[in-house]
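Numbering (this note's numbering), first residue to last: 129 to 309.
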């Protein structure tokens, strides 16, 4: 795919440009999260952010965007993954946690300090006999345990997902405009 038409932001040229802060198409989910932080005026400068997950689609670009200068940005970022031995301790130090592991209810109440900002990216289908579809969407955060401790938390569904769609639409609009010029 031509980088000028890569509205998903996955082309290596767009990934490289994003990592050094140049104009490009940014992966829709991380861009949606940045917009959530901006719209809700969540201070990120000087904050410790833990990104749970190192995928090329969410984890890595999210960490890069939070490192960029400005607000949202200017964070000290720790990326945790399946081989990180002390995830609980790192999460307890975090002012902001972005959970993008794909493990339902991984982040529990005892892993979050009071007042933390929690961004739940997870969308895993789990069986639920009470639902007509036979399943429900579960995030990576145990919402009922974590929400009372958090200063801000995104629900699943209805949190990051709609912002991902908006970001993808904005990238598509930008690509169309660039093709006209």
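Built from N, CA and C at the ideal position, the CB exists for glycine as well.
Query                                                                                                      : Result
Assigned secondary structure, residue 271 (DSSP; H/G/I helix, E/B strand, else coil)                       : helix
Where residue 308 falls, given that 16 or more other Cβ within 10 Å makes a residue buried                 : exposed
Residue range of the unbroken alpha helix (DSSP H) whose run includes residue 265                          : Where residue 265 is concerned, there is no enclosing alpha helix (DSSP H), although the beta strand (DSSP E) it sits in stretches over 263 to 266.
Minimum C-alpha distance to residue 229 - residue among 223, 211 and 245                                   : 211
Reduced DSSP secondary structure (H/G/I, E/B, other) of residue 170                                        : coil
7 angstroms CB neighbourhood of residue 287 in its chain, flanking five on each side removed               : 248
With 16 other Cβ atoms within 10 Å as the buried cut-off, status of residue 129                            : exposed
Simplified DSSP state of residue 179, which is helix, strand or coil                                       : strand
Contact belief for residue 224 with residue 207 at Cβ below 8 angstroms, rounded distance in angstroms     : Not a contact, Cβ separation roughly 13 angstroms.
Where the beta strand (DSSP E) containing residue 254 begins and where it ends                             : 252 to 255
The beta strand (DSSP E) enclosing residue 208, as first and last residue numbers                          : 204 to 208
Three-state secondary structure (DSSP) of residue 162                                                      : helix
Which of helix, strand or coil DSSP assigns to residue 235                                                 : strand
Residue 185, DSSP secondary structure in three states                                                      : coil
Contact under 7 angstroms by Cβ, residue 261 with residue 232                                              : no
Stretch pair the region 152 to 169 + the region 272 to 291: three plus CB contacts closer than 8 angstroms : yes
Residue nearest to residue 296 in terms of C-alpha spacing, selected from 141, 143, 156 and 132            : 156
Start-to-end residues for the beta strand (DSSP E) that takes in residue 227                               : 224 to 227
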